[in-house]
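Colleague:
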Amino acid sequence: MLHTPTRTARTRLGALLPLAVMLGGAALAQTEAPKLDTGDTAWMIVASAMVLLMTPGLAFFYGGLSRTQSVLNTMMMSVVCIGLIGVLWMLAGYSIAFSGNSVEAFKPFFGNFANFGFNGLAGQLTGTIPSYIFAAFQAMFAIIAVALISGAVIERMRFGAFVLFGGLWSLLIYAPLAHWVWGSGGWLLELGALDFAGGTVIHIAAGVSGLVAASVLGARIGFPKTAHVPHNVPFVLLGAGLLWFGWMGFNAGSALAANQTAALAFMTTLVAPAAAMLTWLGLESVRNGKPTAVGAATGLVVGLVAITPACAFVSPLASVVVGALGAAASFAAVQMKNRVKADDALDVFACHGVAGIVGALLTGALAFTTGSGKPWGEQMIIQIVGVVAAIVWTGLGTFVLLKLVGLVMPLRVPVNQEIAGIDVSAHSEQGYSDSETGLGAPVFVGGD
């Protein structure tokens, strides 16, 4: 029989290890001290590696959707997050998110720095796995959260400005939000918000932040009259495939064990994106007459986003509803893009923000299918509170951080570099030779 935490069980587990409850630690319901489980540990090492692969997958997905002249810069915005956030998470991000705070007034909102540099994790367990493995797994989440934002600002934001902003955002916006939802004493955790694998913490946060960043930077030259079409659709399909593969570890790994909860999350992460892809292709065929490869890739990614908060809280049949409704909502949001002044280049808000919001709300609406959560009306109110809190926190925080970064350096590249593409000016490299592109773009000396 599938173990799904009831309200009473969650309360008892919360006294033992609060973060494990929200991450699906079904194997942790025990009165004695937890013991290391080699099977769980092996699975979590594999799951962590799978999630790490998602960021190069995102680089291909975003890179294929960008212009030829800016493909390297677009991909580098994702790749650099592995190095940048990997170090910052070790130094302070993990501690802010998952350390308990001894100061009662701060405990609901912010961890402390007791685990600075992963101090105190050696030899410790989180549930049945080494705390080092848990910290590494969560690092992969923090990495891709920042990388997702880059899709909204490609082809015009300075690389250095993005790196500075991404580092600050990870420490000051993402880590506190992760503490609210998953950390010991976090106020949304204590309230009972359901977010199994990061729909609120990652996708709503990245989607809203991307929309705000696009607004602050301003539109690309020529938007919306000039079409910005994907330069390499095979890259898009490759990236989407890598994302789906890694997402299996993303969602099922959030059980922190090789158990029935992980099995349910794995299954719903298969079904929901499949339903979302079909929904997107159907809507696309009705609207434009033809299903497209980019539409298939976008639909499955949207389905992955929508099921993320719900993957271990809803049944496989209910996950079809989550995927289909998430895709329909995101498809509608993409169609309204030109009505919004913000030039969200790769539809980060429409695909991650909107699908994340829909997924978070459907988590509350459909959690009854596995017996999870509080009574329906109460759980829905809690989910709405969590969504609104994430939108306000990340939206205002992103605006402030970008203004601060703008005081240190310009946010946008010069006009001539934007027109020609910023691969050479930012990285002294090109994704393709001039003969391959047929552009013969001049080289501009100097970058960030």
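Numbered by mature numbering (1 follows the signal peptide of the UniProt record, and there is no 0), the letters in the sequence shown go through residues -29 to -1, 1 to 419 in order.
Think of the CB as a built atom: it goes at the ideal place given N, C-alpha and C, for glycine as much as any other residue.
None of these values were measured; they are calculated from a predicted model.
1. Could you give the DSSP three-state label for I53: helix, strand or coil?
2. List the endpoints of the continuous alpha helix (DSSP H) containing M238.
3. Are there 16 or more other CB atoms within 10 angstroms of the CB of T197, so buried, or fewer, so exposed?
4. I need the DSSP call for P101, collapsed to helix, strand or coil.
5. Going straight from the alpha carbon of N259 to that of G253, what length do you get?
6. Can you find at least 3 beta carbon pairs, one from the region 46 to 54 and one from the region 18 to 33, that sit closer than 8 Å?
7. Can the beta-carbon of A233 be found closer than 8 Å to that of L271?
8. Evaluate the contact criterion for the region 233 to 252 versus the region 262 to 276: three or more CB pairs, one atom per stretch, below 8 Å.
9. Would a C-beta distance cut-off of 8 Å place L182 and G54 closer than the cut-off?
10. With DSSP as the reference, label L(-7) as helix, strand or coil.
11. Tell me where the alpha helix (DSSP H) around residue 421 begins and ends.
12. Ordered along the chain, which non-local residues of its own chain (more than five positions away) have a Cβ less than 6 Å from that of V50?
13. Counting along the chain, where does the alpha helix (DSSP H) carrying E389 start and finish?
14. If I follow the unbroken alpha helix (DSSP H) through H150, where does it start and stop?
15. Can you tell me which of A295, M128 and I104 puts its alpha carbon nearest to the alpha carbon of M380?
16. Within 10 angstroms of its Cβ, does L(-2) collect 16 or more other Cβ (buried), or is it exposed?
17. Taking the beta carbon of S73 as the centre, do at least 16 other beta carbons fall within 10 Å, making it buried, or is it exposed?
18. For the pair the region 294 to 307 and the region 346 to 360, tell me if three or more CB-CB distances fall below 8 Å.
19. Can you list, in chain order, the residues of its chain whose CB lies under 8 Å from that of F339, leaving out five sequence neighbours each side?
20. Whole alpha helix (DSSP H) runs in the region 1 to 77 with 4 or more residues, listed along the chain?
21. Identify whether R191 lies in helix, strand or coil by the three-state DSSP scheme.
22. What residue range does the alpha helix (DSSP H) around T197 cover?
23. I'd like to check one pair, T99 with A228: are the Cβ atoms closer than 8 Å?
24. Mark residue 459 as exposed unless 16 or more other C-beta atoms lie within 10 angstroms of its C-beta, in which case mark it buried.
25. Where does the unbroken alpha helix (DSSP H) through V371 begin, and where does it stop?
Modeller: Put simply:
1. Counting from one through the sequence shown, the residue named residue 53 turns up at place 82. Helix, per DSSP.
2. Residue numbering aside, residue 238 sits at position 267 when the sequence shown is read from its first letter. From DSSP, the alpha helix (DSSP H) with M238 extends over Q231 to N259.
3. For the purposes of this step, residue 197 is identified with residue 226 of the sequence shown, where counting begins at 1. Per the 10 Å Cβ criterion, exposed.
4. Counting from one through the sequence shown, the residue named residue 101 turns up at place 130. In the structure shown, P101 sits in a strand (DSSP, three-state: E or B).
5. In the sequence shown, the residue the question calls residue 259 occupies position 288. In the sequence shown, the residue the question calls residue 253 occupies position 282. When rounded, the distance between both Cα atoms is 10 Å.
6. yes
7. Position 262 of the sequence shown holds residue 233. Position 300 of the sequence shown holds residue 271. Not in contact: A233 and L271 (Cβ atoms no closer than 8 Å).
8. yes
9. Taking the sequence shown and counting its residues from 1, the one referred to as residue 182 is at position 211. Taking the sequence shown and counting its residues from 1, the one referred to as residue 54 is at position 83. Not a contact, by the Cβ cut-off of 8 Å.
10. For the purposes of this step, residue -7 is taken as residue 23 along the sequence shown, with counting starting at 1. Residue confidence is low: L(-7) scores 43 on pLDDT, short of 50, so the model does not pin down where it sits. No coordinate-derived value is stated.
11. In the structure as shown, the chain starts at -29 and stops at 419, and residue 421 therefore has no counterpart that could be examined.
12. On the sequence shown, residue 50 is found 79 positions in, with the first residue counted as 1. So the list reads A30, once near-sequence residues are dropped.
13. The residue given as residue 389 occupies position 418 in the sequence shown. E389 -> alpha helix (DSSP H) spans V386 to A391.
14. Locating residue 150 in the sequence shown gives position 179, where the first residue counts as 1. Taken as a continuous stretch (DSSP letters only), the alpha helix (DSSP H) holding H150 covers A146 to W153.
15. Reading the sequence shown from its first residue, position 409 is the one you call residue 380. The option with the nearest alpha carbon to M380 is M128.
16. By 1-based counting over the sequence shown, the position of residue -2 is 28. With a pLDDT of 36 at L(-2), under the threshold of 50, the modelled position of this residue cannot be trusted; read the value that follows with caution. By the 10 Å Cβ count, L(-2) comes out buried.
17. Along the sequence shown, read from residue 1 onward, the residue named residue 73 stands at position 102. Classification of S73: exposed, given that the 10 Å Cβ count is below 16.
18. no
19. If you number the sequence shown from 1, residue 339 lands on position 368. If we look at F339 and ignore the five residues flanking it on each side, its Cβ neighbours are W347.
20. 9 to 36, 42 to 59 and 65 to 69
21. As a position in the sequence shown, residue 191 is number 220, starting the count at 1. Residue state, collapsed to three classes: coil.
22. Within the sequence shown, the letter at position 226 stands for residue 197. No alpha helix (DSSP H) contains T197, which DSSP labels as neither H nor E.
23. As a first step, residue 228 is located in the sequence shown; it is residue number 257 there, counting from the start. As a first step, residue 99 is located in the sequence shown; it is residue number 128 there, counting from the start. Going by C-beta atoms, A228 is nearer than 8 Å to T99.
24. Residue 459 cannot be examined here, being either before or after the span of the chain that is shown, -29 to 419.
25. Here residue 371 refers to the residue found at position 400 when the sequence shown is read from its first residue. Element bounds for V371: W347 to V379.
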